[in-house]
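Below you'll find the structure, written out as structure tokens, and then a few comments.
Numbering (mature numbering (1 follows the signal peptide of the UniProt record, and there is no 0)), first residue to last: -19 to -1, 1 to 315.
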């Protein structure tokens, strides 16, 4: 009898745990909760009313060797007439912080990457150290909201504890081959409920972190082989290859549920002439050919997700309006 009672209790606990880990889009609502399994576009907008967001994200070192290369990706305007912007995940070692400050003043978003390109032993300590360095260079750390782990090796609970203790809002380190087809791509979601998706490398948090967002990176596909970043795709050897790789991935997002296309650019990809030129041509093409496509920062994308605004009203959507500061001229600093 005692054994039977214990079994009933265990079944009850399992049922309760399962219910607690199941996210219901009816109760997990914006602006601070969104289910991974929510099939709807934020705000339940129709596809035709939804902007296709492109997130150009750059990671690693920011210095005179790279800054002009990186900013060459943003010599475009969005459909509302405002400049395009990206998100820079900064590594401490080798970075010239005055250039990072210039990027921030120009309207680009600054995020945390690493101290030296390696995974930290202490996520909280690393994030705090990076925020201190950014603050010392004149950057308002209240505007630093995101984190990307080196190698897209998401750091589980320890990373999200550090993220929360330092006031960050989102992670963008979970690459997924599983959620990379047109019919399986997902919008950013929160970790109010776990487990999240399986990531290609590392693991998402095992415990809930309410209100903390994941900008999942859907794997690309090149010649039938998945790859999370352009530089990881094998046998991309020409400008046309680079263009086709990016456009094919963009098309899957665009013809699907318009989930944001996160483009991960590292120094290796940016410095290669053919890949850089193919990327610039891709960005120029989609901006010229698609009047519903916007190149914005991750924080700007999150603002839209939390306050979904139809295409027809985006001209007056404050988070996407033009910055007051004029565009800066970048002088190489070595």
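The C-beta atom is built at its ideal place from N, Cα and C for all residues, glycine as well.
It should be emphasised that the depicted structure is a prediction, and the values quoted were computed from it without experimental measurement.
Boundaries (first-last residue) of the beta strand (DSSP E) holding residue i
{"i": "residue 95", "result": "90 to 95"}
{"i": "residue 263", "result": "Residue 263 -> not in any beta strand (DSSP E); alpha helix (DSSP H) instead, spanning 254 to 270."}
{"i": "residue 13", "result": "That residue, residue 13, is in no beta strand (DSSP E); it is neither H nor E in DSSP."}
{"i": "residue 71", "result": "68 to 72"}
{"i": "residue 22", "result": "Segment: none, residue 22 is in no beta strand (DSSP E) and carries neither H nor E."}
{"i": "residue 245", "result": "242 to 246"}
{"i": "residue 182", "result": "Careful: residue 182 lies outside any beta strand (DSSP E) and carries neither H nor E."}
{"i": "residue 3", "result": "Run containing residue 3: none; DSSP gives neither H nor E here."}
{"i": "residue 274", "result": "274 to 276"}
Closest by C-alpha distance to residue i, when choosing among the options
{"i": "residue 251", "options": "206, 93 and 53", "result": "53"}
{"i": "residue 277", "options": "48, 19 and 87", "result": "87"}
{"i": "residue 148", "options": "93, 219, 102 and 299", "result": "93"}
{"i": "residue 50", "options": "256, 285 and 280", "result": "256"}
{"i": "residue 134", "options": "267, 181, 164 and 118", "result": "181"}
{"i": "residue 230", "options": "7, 70 and 164", "result": "164"}
{"i": "residue 281", "options": "6, 34, 162 and 11", "result": "34"}
{"i": "residue 16", "options": "23, 304 and 4", "result": "4"}
{"i": "residue 9", "options": "194, 205 and 253", "result": "194"}
{"i": "residue 20", "options": "124, 156 and 168", "result": "168"}
{"i": "residue 118", "options": "220, 171 and 85", "result": "85"}
{"i": "residue 275", "options": "108, 24, 11 and 65", "result": "65"}
{"i": "residue 261", "options": "14, 222 and 73", "result": "222"}
{"i": "residue 209", "options": "304, 108, 73 and 161", "result": "161"}
{"i": "residue 71", "options": "246, 140 and 266", "result": "246"}
{"i": "residue 213", "options": "73, 7, 156 and 74", "result": "156"}
Cβ distance (whole Å) where residue i is taken to contact residue j below 8 angstroms
{"i": "residue 241", "j": "residue 36", "result": "5 angstroms"}
{"i": "residue 152", "j": "residue 144", "result": "6 angstroms"}
{"i": "residue 150", "j": "residue 127", "result": "7 angstroms"}
{"i": "residue 302", "j": "residue 90", "result": "Rounded, the Cβ-Cβ distance is 15 angstroms, inconsistent with contact."}
{"i": "residue 289", "j": "residue 26", "result": "6 angstroms"}
{"i": "residue 110", "j": "residue 129", "result": "Not confirmed; about 16 angstroms, so no contact."}
{"i": "residue 183", "j": "residue 136", "result": "6 angstroms"}
{"i": "residue 268", "j": "residue 57", "result": "5 angstroms"}
{"i": "residue 42", "j": "residue 248", "result": "7 angstroms"}
{"i": "residue 22", "j": "residue 238", "result": "6 angstroms"}
{"i": "residue 287", "j": "residue 12", "result": "4 angstroms"}
{"i": "residue 285", "j": "residue 304", "result": "With a Cβ gap of about 16 angstroms, residue 285 and residue 304 do not count as contacting."}
Residue i and residue j closer than 8 angstroms at C-beta
{"i": "residue 121", "j": "residue 158", "result": "no"}
{"i": "residue 197", "j": "residue 211", "result": "no"}
{"i": "residue 44", "j": "residue 76", "result": "yes"}
{"i": "residue 59", "j": "residue 296", "result": "no"}
{"i": "residue 48", "j": "residue 80", "result": "yes"}
{"i": "residue 273", "j": "residue 244", "result": "no"}
{"i": "residue 131", "j": "residue 100", "result": "yes"}
{"i": "residue 173", "j": "residue 186", "result": "no"}
{"i": "residue 142", "j": "residue 104", "result": "yes"}
{"i": "residue 263", "j": "residue 228", "result": "yes"}
{"i": "residue 14", "j": "residue 218", "result": "no"}
Limits of the alpha helix (DSSP H) - the one that residue i falls within
{"i": "residue 139", "result": "137 to 146"}
{"i": "residue 52", "result": "48 to 52"}
{"i": "residue 37", "result": "Element bounds for residue 37: not the alpha helix (DSSP H) but the beta strand (DSSP E), 33 to 41."}
{"i": "residue 80", "result": "78 to 86"}
{"i": "residue 283", "result": "279 to 287"}
Item to check | Segments of 3+ residues assigned as beta strand (DSSP E) that fall wholly inside the stretch 195 to 225 | outcome: Runs of beta strand (DSSP E) with 3 or more residues, each lying fully within the stretch 195 to 225, are found at 201 to 203 and 206 to 208, listed in chain order.
Checklist entry - Counting only runs that start and end within the stretch 102 to 173, where is the alpha helix (DSSP H) found for 4 or more residues in a row? => result 104 to 117 and 137 to 146
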